[in-house]
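Below is one structure, written out as structure tokens, with a few remarks after it.
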Amino acid sequence: MNGAFSTHRPVLLQEALEGLAVAPEGYIVDCTFGRGGHAKAILDQLSDRGRLLAFDKDLDAITSQEAAALLRDSRFALRHGSFAQLKEIVEAQGWADRVSGVLMDLGVSSPQLDEAERGFSFIRSGPLDMRLDTSRGPTAAEWLTTAPESELAQVLRMFGEERFARRIARAIVVERSRRPLLTTGDLARIIEEAVPTREKGKHPATRSFLAIRIFINRELDELEQGLRQSVDLLRPGGRLVVISFHSLEDRIVKRFMRNEERGSEPAAARWPRPSPCPARLRRIGRAIMPSPQEIAANPRARSAVLRVAERIA
Ligand SMILES: C[S@@+](CC[C@H](N)C(=O)[O-])C[C@H]1O[C@@H](n2cnc3c(N)ncnc32)[C@H](O)[C@@H]1O
Numbered sequence: 022m023n024g025a026f027s028t029h030r031p032v033l034l035q036e037a038l039e040g041l042a043v044a045p046e047g048y049i050v051d052c053t054f055g056r057g058g059h060a061k062a063i064l065d066q067l068s069d070r071g072r073l074l075a076f077d078k079d080l081d082a083i084t085s086q087e088a089a090a091l092l093r094d095s096r097f098a099l100r101h102g103s104f105a106q107l108k109e110i111v112e113a114q115g116w117a118d119r120v121s122g123v124l125m126d127l128g129v130s131s132p133q134l135d136e137a138e139r140g141f142s143f144i145r146s147g148p149l150d151m152r153l154d155t156s157r158g159p160t161a162a163e164w165l166t167t168a169p170e171s172e173l174a175q176v177l178r179m180f181g182e183e184r185f186a187r188r189i190a191r192a193i194v195v196e197r198s199r200r201p202l203l204t205t206g207d208l209a210r211i212i213e214e215a216v217p218t219r220e221k222g223k224h225p226a227t228r229s230f231l232a233i234r235i236f237i238n239r240e241l242d243e244l245e246q247g248l249r250q251s252v253d254l255l256r257p258g259g260r261l262v263v264i265s266f267h268s269l270e271d272r273i274v275k276r277f278m279r280n281e282e283r284g285s286e287p288a289a290a291r292w293p294r295p296s297p298c299p300a301r302l303r304r305i306g307r308a309i310m311p312s313p314q315e316i317a318a319n320p321r322a323r324s325a326v327l328r329v330a331e332r333i334a
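According to our numbering, the sequence shown is numbered sequentially starting from 22.
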């Protein structure tokens, strides 16, 4: 389904544009095309000499009708790929020394959540897939069927901060010995039955689904790789803008920007002394959250946090 019935409303759009400080002749990389909400607004700010290169790990995103519409614009290029390939994608475009802005709008898009067959939703039952890139890697069902109980519990605790991780892991192992785990509805029911208490306003499967998604897509690892590569690519004065949607992501972004702002002096006691890492970023402003009006109009914006940093010479 190429977004025919579900589209994505860009989060913190104006704030992202301001963070990127898009110059009319800028060369901007959008690492999370989604349904092109941010991409379209960036293109609107570029002159004939500006360029936008976007990519996404999800094949549905890059073959969506929104992608087809934007591809009519000769200033725009779109690729299939992940954050881990950021440098490769940019260099293949011949942009190695040109990048003036990098945008990462993390997580999943509304069509990914809304289309049951992608397997991200515990509300609409579908096949237990959860891969952003359906062209590779194990599905959630394959992992849940084969992973040892201890690994299941560790993933739920580490990536979902789920306090009933061990109970849920046990329940999954018991259930999978009786019948195959095939749908998101099956998994949601097992979790609902396994947890003794509920968090107010939260479905009991929320944390586990997030944890499994992060694990299956290696989201945190790829985020770290993308952040590092973006700093290598940005020209002095270029901007990095990242929008995160949960605390694990935001912690990585915050620490990364802080460390790149400080740089590092090698420990005096070490011999041979490694060369010092100079500061490469300057943080711009504080973390930005959506306004109450934006959250009212788009509840999926509620947990967003935007951070901006500038590449220094
Ligand atoms: C929140 S949506 C982006 C929405 C987009 N900014 C818009 O306005 O339509 C996040 C997108 O990032 C993609 N994505 C997530 N992790 C990725 C990764 N590691 N590499 C590339 N794309 C990724 C997802 O497939 C999804 O389409």
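Heads up, the beta-carbon is just placed ideally off N, CA and C, and yes, glycines get one too.
Comparing alpha-carbon positions, the option among L203, G181 and Q175 lying closest to R191 turns out to be Q175. When secondary structure is reduced to three states using DSSP, D118 falls in the coil class, being assigned neither helix nor strand. A straight-line Cα-Cα distance of about 45 Å links V129 and W292.
In the DSSP assignment, D126 is bridged to I264.
DSSP, read as helix, strand or coil, puts D77 in strand.
Note on geometry: alpha-carbon atoms of Q86 and R145 lie some 23 Å from one another.
Note on geometry: alpha-carbon atoms of P148 and E136 lie some 11 Å from one another. A heavy atom of ligand 1 is found nearer than 7 Å to the CB of H59. For A322, the distance from the CB to the nearest heavy atom of ligand 1 is not below 7 Å. Taking a cut-off of 8 Å on C-beta distances, the region 115-129 touches the region 47-58, as three or more cross pairs fall below it.
Note that the C-beta distance between L248 and V274 is below 8 Å. Pairing D94 with L64 gives a Cβ-Cβ distance under 8 Å. Burial check for E46: the Cβ neighbour count within 10 Å stays below 16, so the residue is exposed. At a cut-off of 7 Å, the beta-carbon of L153 counts as near ligand 1: some heavy atom of the ligand is closer than that. Contact between the region 163-179 and the region 257-264 is not established, with fewer than three Cβ pairs separated by less than 8 Å. Here R152 is near I237, since their CB atoms are less than 8 Å apart. For the pair of segments examined, the region 159-168 was found to touch the region 202-219: the number of CB pairs separated by less than 8 Å reaches three. Going by beta carbons, I83 and H101 fall inside the 8 Å limit. With 16 or more other CB atoms across the displayed protein chains lying within 10 angstroms of its CB, K78 is buried. Assignment of A98 by DSSP, reduced to helix, strand and coil, places it in the strand class.
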